[in-house]
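Trainee: Below you'll find the structure I mean.
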Amino acid sequence: MTSSKNPTNDNSYFDAVLVGAGIMSSTLALLISEVLPDIKFLIIEKLNASGSESTGAFNNAGTGHAANCELNYTPLDEKGNLKIDKALSINRSFETSMSLWASLYEAGKIDIKKFLKFIPHISFVSGQDNISFLKKRFQKMTENPEFIDMEFSTSFDEISSWAPLITKDRNPSTQIAATRIGRGTDINFEALTKEYLSLVSLNKNVEIRYKTELVDLKKIDKKQWELEISSEGRKTSIRTGYVFLGAGGKTINYLQKSKILEAKSYGGFPVSGKWLICEKKDLTEKHNSKVYGKADIGSPPMSVPHLDTRWIDNKKLLLYGPFAGFTTKFLKQSSYFDLFSSIKKNNIFSMLDVGFKNNDLINYLISQSLKNHNSRVENLKNMMPSANPSDWYLKNAGQRVQIIKKTEGGGSLKFGTEIVNSSDGSLSALLGASPGASTAVSIMVEVLEKSVLFLNNKHNLQKKINDLIYPELSVSENYSTFIKEIKKRNNSIFGFHP
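Throughout the sequence shown, residue numbering follows our numbering, covering 153 to 650 in sequence.
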């Protein structure tokens, strides 16, 4: 069945085209399929499988970012006051993701066992200044219902019971502190993406094409885009009323090709990553948490180290890192010319300005790139003193492309995600990195609401989205009450008992 919006009723026209088959595009596809089931849309993916690039299990932290333990989300301002707005926003967005998963799981549409594990999230610091910071953070955050269950401890024995590997071989007289939230998660976003697309593919109005790459796109009239795509050397053209660019780091290149006015102020700064991985069962069985440390003074936010329990391909692993590096590629499986091709007349000065302003980042990336195996393990020993180099091996993580944005002062490097929308709502693009995947549902709801797909029936579609994510719950203006109801419902469906 084709949509009534198809002006030509031919196979070359789609109401929407989603570029990329990672967690972002698959989330948007799921939302469209659920609330606009008659929409005819196409998903194209360059690789031969979904979730294989930035969404790949080894290519991201899989933390289930809820801002429980990531200390860079709660910085101090110039006056020494703790800022928790970002942490609250991320936590609420993650709970929205949890709510959608709960609804789909309760309806028998997805299997949470394939992608979600509950595991405590811990923040760990040493030294009196860091302990004072962590205590201040604990006191401030537990004033809010999102973090009411957070625990704080300076007891060596109690912290040992939470995460024995971080205290083994550590001097018991060392000043340490930790916070813990038992309702943390490990999320395999690659597996979740496959769950989404398996569900979406049941809709006869949806087509997914793998080994298909976007070559070019242009606006041909007020209501249509023409996309040139290539599949195994064969180029064809398709038309659509709406385009979503969710191709990870390559999105910046595609966005520039669109020539929309809103794209002119953006550039990208690629960062690679590597993990130290341990598979030894006697170690993996002793560590059942995700432990985040605190970035050194002067280090960029991405330098925050963490020691994570992960489940990948039904195997329990320990991952430490990520160690950063620099490459000119925007994806693991793309071209070394990605960065150079993204440099344009309208962004070159902001990109150069960012380079001049961020010597700490440049120095950090250089130092990270020069590390060998033993020096990486020495870094790990700050968190796990008993670490043995022979127990760990190195594996490449995914590519991140941090946002560079033109500002009045030249250029600014953004850590996070950002949506770029054309003024007419016919094109949307997602730029940036962490905490993207964990907040994908909230981000894609925003994308959908600002798209041309949403404009004609906004009130009814908003109700459909709320009913999908929060069935049997009334969206309340009293957020404290609402978040308690959401968590209670989600815990009940997932079988989590605090």
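The beta carbon of each residue, even a glycine, is placed where N, CA and C say it ideally should be.
Note that the structure is predicted; figures quoted are calculated from it, not measured.
Considering only residues of the same chain and omitting the five flanking positions on each side of glycine 398, which have a CB-CB separation below 8 Å?
Mentor: Same-chain partners within the cutoff: Leu170, Val171, Gly172, Gly174, Met176, Ser177, Leu180, Ala581, Leu582.
Trainee: Does the separation of the CB atoms of proline 422 and phenylalanine 489 fall below 7 Å?
Mentor: No, the pair does not count as a contact, with Cβ atoms beyond the cut-off.
Trainee: On a Cα-Cα basis, can you pick out the residue from Leu546, Phe648, Asp512 that is closest to serine 527?
Mentor: It is Leu546.
Trainee: Roughly how many angstroms separate the alpha carbons of serine 353 and isoleucine 274, rounded to a whole number?
Mentor: Rounded to the nearest angstrom, the two C-alpha atoms are 38 Å apart.
Trainee: Below 6 Å CB to CB, which residues in the same chain sit around asparagine 220 once its five sequence neighbours on both sides are set aside?
Mentor: Correct list, in chain order: His273, Ile333, Gly336.
Trainee: Mind checking whether glycine 425 and methionine 535 have CB atoms under 7 Å apart?
Mentor: No, they are not a contact pair.
Trainee: Measuring only the C-alpha atoms, how far is threonine 306 from valine 395?
Mentor: For threonine 306 and valine 395, the distance between alpha carbons rounds to 51 Å.
Trainee: Kindly indicate which three-state DSSP category threonine 306 falls into: helix, strand or coil?
Mentor: Looking at threonine 306 - three-state DSSP - the assignment turns out to be coil, as it is neither helix nor strand.
Trainee: Could you tell me the alpha carbon to alpha carbon distance between leucine 194 and aspartate 321, rounded to whole angstroms?
Mentor: Taking the straight line from one Cα to the other gives about 55 Å.
Trainee: Rank Tyr516, Asn499, Lys497, Leu317 by C-alpha distance to the C-alpha of proline 474 and give the top, closest one.
Mentor: Checking every option, the nearest Cα to that of proline 474 belongs to Tyr516.
Trainee: For threonine 364, which option in Val456, Ser202, Lys192, Ser590 has the closest C-alpha, if you only look at C-alpha atoms?
Mentor: Answer by Cα proximity: Ser202.
Trainee: With DSSP run on the structure shown, which of helix, strand or coil describes asparagine 323?
Mentor: In the structure shown, asparagine 323 sits in coil (DSSP, three-state: anything other than H, G, I, E or B).
Trainee: Which of the three DSSP states, helix, strand or coil, is assigned to tryptophan 544?
Mentor: Correct three-state label for tryptophan 544: coil.
Trainee: What's the call for histidine 649, buried or exposed, on a 16-neighbour Cβ count within 10 Å?
Mentor: Histidine 649 should be labelled exposed.
Trainee: Does the separation of the CB atoms of tyrosine 418 and leucine 366 fall below 7 Å?
Mentor: Going by C-beta atoms, tyrosine 418 is not nearer than 7 Å to leucine 366.
Trainee: Are there 16 or more other CB atoms within 10 angstroms of the CB of asparagine 233, so buried, or fewer, so exposed?
Mentor: Asparagine 233 is exposed by the Cβ-count criterion.
Trainee: Do valine 277 and glutamate 414 have their C-beta atoms within less than 7 Å of each other?
Mentor: Against a cut-off of 7 Å, the Cβ pair of glutamate 414 and valine 277 comes out as no contact.
Trainee: What's the gap between the Cα of lysine 409 and the Cα of serine 632?
Mentor: Taking the straight line from one Cα to the other gives about 44 Å.
Trainee: Report the option in Ile412, Phe290, Leu240 whose CA atom is closest to the CA atom of isoleucine 635.
Mentor: The residue with the shortest Cα to Cα distance from isoleucine 635 is Leu240.
Trainee: What residue from Asn630, Glu570, Asn643, Asp543 has the CA that sits closest to isoleucine 555's CA?
Mentor: Comparing Cα positions, the closest option is Glu570.
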